[in-house]
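Protein chains: 2
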Amino acid sequence: MRNLDTAFLALADPTRRAILARLALGEATVMELAEPFDMTQPAVSRHLKVLEGAGLITRRVEGTKRPCRLAPDAIAEIDRWLDWLRQAMARNYDRLDDVLAEMQTEEGKEKP
Amino acid sequence: MRNLDTAFLALADPTRRAILARLALGEATVMELAEPFDMTQPAVSRHLKVLEGAGLITRRVEGTKRPCRLAPDAIAEIDRWLDWLRQAMARNYDRLDDVLAEMQTEEGKEKP
DNA sequence: CCTTTATATAAATTTTATGTTATATAACAG
DNA sequence: CTGTTATATAACATAAAATTTATATAAAGG
Chain A
1 MRNLDTAFLA LADPTRRAIL ARLALGEATV MELAEPFDMT QPAVSRHLKV
51 LEGAGLITRR VEGTKRPCRL APDAIAEIDR WLDWLRQAMA RNYDRLDDVL
101 AEMQTEEGKE KP
Chain B
1 MRNLDTAFLA LADPTRRAIL ARLALGEATV MELAEPFDMT QPAVSRHLKV
51 LEGAGLITRR VEGTKRPCRL APDAIAEIDR WLDWLRQAMA RNYDRLDDVL
101 AEMQTEEGKE KP
């Protein structure tokens with residue numbers, strides 16, 4: 001799943017998460033998004049490219065501006081995967097053979 | 001949030017997600033985890049270190065083995081953040097001023 | 001003890017990300 | 001047209017990640 005790679009990687013950067021946080025307040029242009037960061041405009045453009053590549057944001061053309069907004073169902077696949085993981089974790093948590101394995105380890109330790 | 005950085009980064013790698021998938025079936029040792037991959041054991045050890053650092057797995061000591069398992073509530077913070085983002089996206093989706101902005105762009109385009 | 005098994009760590013290398021400066025493009029304002 | 005504004009791209013530097021080979025450690029099995 002190459003898609004999850006890019007999605008998770010996109011979310012792994014604090015600047016990009018901050019950009020998403022800003023976009024949660026509504027659409028914004030590249031300059032507006034760049035303003036709060038101590039970073040050049042090209043750097044922000046690249047972050048936006050990563051976010052767009054991950055399907056997390058969309059851009060429209062408005063004259064010389066490129067307003068960005070959050071992509072509505074971007075996190076669907078991420079969600080599905082995390083749901084699966086969450087369930088696996090829950091299952092794992094109360095899995096009997098794991099408990100038994102642990103008991104065996106803890107108790108069966110003393111040399112027979 | 002340095003934590004989200006490491007968590008998302010940990011999930012951004014397909015090998016590591018595959019390792020989590022394997023652990024979803026139950027506890028496994030380093031060698032067992034390494035086996036399916038075309039990769040050396042040290043490489044897998046490092047991936048495990050990353051997963052452990054992200055709080056996604058735990059390890060116990062069993063003699064010379066280090067069985068790994070999924071950490072029960074590892075994805076809590078990720079979940080919280082994604083929940084927030086999801087809601088932001090939903091809010092954004094039916095936000096009136098965004099719709100209006102879009103209409104203005106689309107229609108008001110013709111030179112007055 | 002000595003060997004093997006399971007894992008970790010170190011050093012070196014390759015790859016990928018991130019950022020910078022400088023420059024291009026393209027619409028807009030006069 | 002011309003200058004300015006908004007954004008993108010290219011070329012480069014640096015830094016961080018992923019991997020490998022070689023080696024260390026430590027418990028287990030004889």
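First to last, the sequence lines map onto chains A and B. Counted from 1, the first sequence has number 101 at position 101 by the numbering used here; the numbering is strictly sequential. Counted from 1, the second sequence has number 4 at position 4 by the numbering used here; the numbering is strictly sequential. The C-beta atom is built at its ideal place from N, Cα and C for all residues, glycine as well. Bear in mind that the values here come from a model prediction, so they are computed numbers and not experimental data.
For the alpha helix (DSSP H) that residue i lies in, which residues bound it at each end?
i	result
B:T40	Taken as a continuous stretch (DSSP letters only), B:T40 belongs to no alpha helix (DSSP H), as it is neither H nor E.
B:T29	Per DSSP, B:T29 belongs to no alpha helix (DSSP H) and is neither H nor E.
Kindly indicate the opening and closing residues of the beta strand (DSSP E) around residue i.
i	result
B:L70	C68 to L70
Leaving out five residues before and five after residue i in sequence, what residues of the same chain have Cβ atoms less than 7 Å from its Cβ?
i	result
A:T6	G53 and A54
B:S45	V30
B:R22	A28 and L33
A:E37	Sequence check: residue 37 of chain A is Phe here, not Glu. Within the same chain, A:F37 has close Cβ partners T15 and V44.
Run through the DSSP bridge pairs and tell me what residue i is partnered with.
i	result
B:R59	B:C68
Please report whether the beta-carbon of residue i lies at a distance below 9 Å from any beta-carbon of chain A.
i	result
B:D38	no
B:A43	no
B:M89	yes
B:A34	no
B:R86	yes
Can you find the residues in the same chain that come closer than 8 Å, C-beta to C-beta, to residue i, ignoring five residues on each side of it along the sequence?
i	result
B:D13	H47 and V50
By Cβ distance, which residues of its chain are closer than 6 Å to residue i, with the 5 residues on each side in sequence left out?
i	result
B:Q41	A34
A:G26	none
The ligand SAH and residue i: does any heavy atom of the ligand fall closer than 8 Å to the residue's C-beta?
i	result
A:R66	Ligands are entirely absent from the displayed structure, and the ligand SAH is therefore not among its contents.
Residues in the stretch 1-19 of chain B having any Cβ partner in chain A nearer than 9 Å: M1, R2, L4, D5, T6, A7, F8, L9, A10, L11, A12, D13, P14 and R17
Between the stretch 46-72 of chain B and chain A, which residues of the former have CB atoms less than 8 Å from a CB of the latter, in chain order? R60, E62, P67, R69, L70, A71 and P72
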